[in-house]
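Report on the structure given below.
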Amino acid sequence: MPQLRERVGTFTDSVIRRMTRISNRYGAINLSQGFPDSDPPRPIMDALAKAAYEGPHQYSITYGAQNFRQALAEKQGRAIGRAIDPETEIVVTCGSTEAMMCAMMTVCNPGDKVMVFSPFYENYGADAILSGAEPIYIPQVPPEYDFDSTLIEDGFRQGAKAIVVCNPSNPCGKVFTREELLTIGRLTVQYDAYVITDEVYEHMVYVPYHHTCMAALPGMFDHTITCNSLSKTYSITGWRLGYLIGPAEVVENAKKVHDFLTVGAAAPLQEAATVGLRFDQSYYDDLRETYTRKRDYFLAGLDRAGLKHNVPQGTYFVMVDIQEFLDMPMFAGFTDLQFCEWMIEHVGVAAVPGSSFFREPVNHYIRFHFAREEAVLEEAIRRLCRMKEIVR
Ligand code: GLN
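Last residue of the sequence shown: 427 in this note's numbering, with the numbers rising by one and none dropped.
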């Protein structure tokens, strides 16, 4: 067989999405791959029905339909505190997955270095490698998931072109403080590099924390590529609507990368989702309240099940420490992946093994998401409460 591209052999398929397939095979409650199980808001569904009959059905402008970009510019302009030019500062992509890949392909030459925090959403490692870059991992140390900024400076000294910041962070639920972002920003400007942010959980931040956009900090717009998506905010993960926002010189090149990768995101879906981008603040306040309830309910359930967990400041993910199970004779030699497979089969609840997020050899965490209806979470908790009896 002719040789394939070597770099692709250096990483595995997505463990997050693999867990969903395994969970489906056993009919388990899937708390692995994070996506909401609620319907999109009614006005968005109505707009989709209308688009089905009235169009558009053909290509939109490759970097995004005009009114979709206009609505995005207004919404995100408010978040960033600066007018965003929908013509020159936005590219609409197929999910933030494409936005992140597009950002890396726009910034990196082969051999360039990109800093990625560890634990990290698994796409970033693969994105860096596929775009020809070499990731440098910056540990975020549990249980607080703090980081040492001198390591970031070291990374820039080694010539890193960019640093990826997922804020709020998947999988650890950290919300970066303004001070932390200012530190990262200052180093980025000093070394004339870019911050590539992933802000898809921007509206899932719990009191007393709040989300700060990197691009909103003084002097940072010109050094920031913001990747974001509508998936989580409007419960439309299958629509694959994302975008990136950045300075015009970056966006000009990102438009080319995006055009040749995918041409564009689905036109009727952009049309329908524009309605959502125009929702007023009460929608986002309700969303935050809904997720606060789910978080509090699920964490209380984990406490009842006697499982040790962190308290996420944002996102709908929680990390659970499974060391006490791994120490039991019946799990001797188990990896966290094997533990998750066992849990799917014998407990009926799916999680993601933490090792798929960590660069370091950390393998005693699993990640649950709680973006599920309360009845589903209740049943998951009931099963998890039984887990200690099963293993006794
Ligand atoms: N961000 C989600 C997670 O971490 C999944 C997104 C995806 O699979 N594309 O579970």
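For every residue, glycine included, the Cβ atom is placed at its ideal position computed from N, Cα and C. Computed from a predicted model, the values in this text were never measured in an experiment.
Hey, is the stretch 247-259 in contact with the stretch 223-237, meaning 3+ C-beta pairs nearer than 8 Å?
yes
The beta strand (DSSP E) with Met249 in it runs from where to where?
Taken as a continuous stretch (DSSP letters only), Met249 belongs to no beta strand (DSSP E), as it is neither H nor E.
Using DSSP's beta-bridge definition, name the partner residues of Asp233.
Cys201, Cys262
Per DSSP, which residues does Asn65 bridge with? Please list them.
Ala385
Local Cβ density within 10 Å of Asn158, reported as buried at 16 or more and exposed below that
buried
Does Val126 come out as helix, strand or coil in the three-state DSSP assignment?
strand
Indicate, with yes or no, if the ligand GLN has a heavy atom lying under 7 Å from the CB of Asn205.
yes
Hey, Gly116 and Cys143 are a contact pair by Cβ (cut 8 Å); roughly how many whole angstroms apart?
Wrong, their Cβ atoms sit about 28 Å apart, outside the cutoff.
Proximity winner among Tyr229, Gly190, Leu165, relative to Val286 (alpha-carbon distances):
The candidate whose alpha carbon is nearest that of Val286 is Tyr229.
Considering just the uninterrupted stretch of the alpha helix (DSSP H) at Gly190, what are its terminal residues?
184-192 is the span of the alpha helix (DSSP H), which, as asked, contains Gly190.
Does at least one heavy atom of the ligand GLN sit under 7 Å from the Cβ of Thr132?
yes
Under 8 Å Cβ to Cβ from Leu217, same chain only, skipping five residues before and after it: list those, please.
Leu252
Can you give me the start and stop residues for the alpha helix (DSSP H) that Ile79 sits inside?
First-last of the alpha helix (DSSP H) with Ile79: 77-89.
Gly69 and His344: beta carbons closer than 8 Å?
Going by beta carbons, Gly69 and His344 fall outside the 8 Å limit.
Got a sec? Which residues, its chain only, sit under 7 Å from Glu414 by beta carbon, not counting five neighbours each side?
Closer than 7 Å at Cβ, skipping near neighbours: Ile64.
Alpha carbon of Lys267 to alpha carbon of Thr261, nearest angstrom:
16 Å
On a Cα-Cα basis, can you pick out the residue from Ile187, His399, Ile51, Val346 that is closest to Gly208?
Val346
Pair within 8 Å by beta-carbon distance, Phe11 and Val426:
Because residue 11 is not part of the residues shown, which for the chain are 36 to 427, the question remains open.
Quick check: is any heavy atom of the ligand GLN less than 7 Å from the C-beta of Asn68?
It is worth fixing the name first, because residue 68 is Gln in this sequence and not Asn. Between the ligand GLN and Gln68, a heavy atom-to-CB distance of less than 7 Å is present.
Top-ranked residue by Cα proximity to Ile231, from Val310, Ala289, Gly146, Pro174:
Sorting Val310, Ala289, Gly146, Pro174 by C-alpha distance to the C-alpha of Ile231 places Ala289 at the top.
Inter-stretch contact (C-beta, 8 Å, three-pair minimum) for the stretch 268-278 and the stretch 128-136:
yes
Of the choices Gly99, Thr45, Arg60, Pro37, whose alpha-carbon is the least far from that of Ala301?
Gly99
Do you know how far the Cα of Asp72 is from the Cα of Leu322?
For Leu322 and Asp72, the gap between their C-alpha atoms comes out near 14 Å.
Tell me whether the beta-carbon of Asp147 lies closer than 8 Å to the beta-carbon of Lys110.
In this structure, Lys110 does not lie closer than 8 Å to Asp147 by Cβ.
In terms of alpha-carbon separation, which member of Pro364, Gly254, His293, Asp233 lies closest to Val224?
Gly254
In whole angstroms, give me the CA-to-CA distance for Thr123 and Ala283.
5 Å
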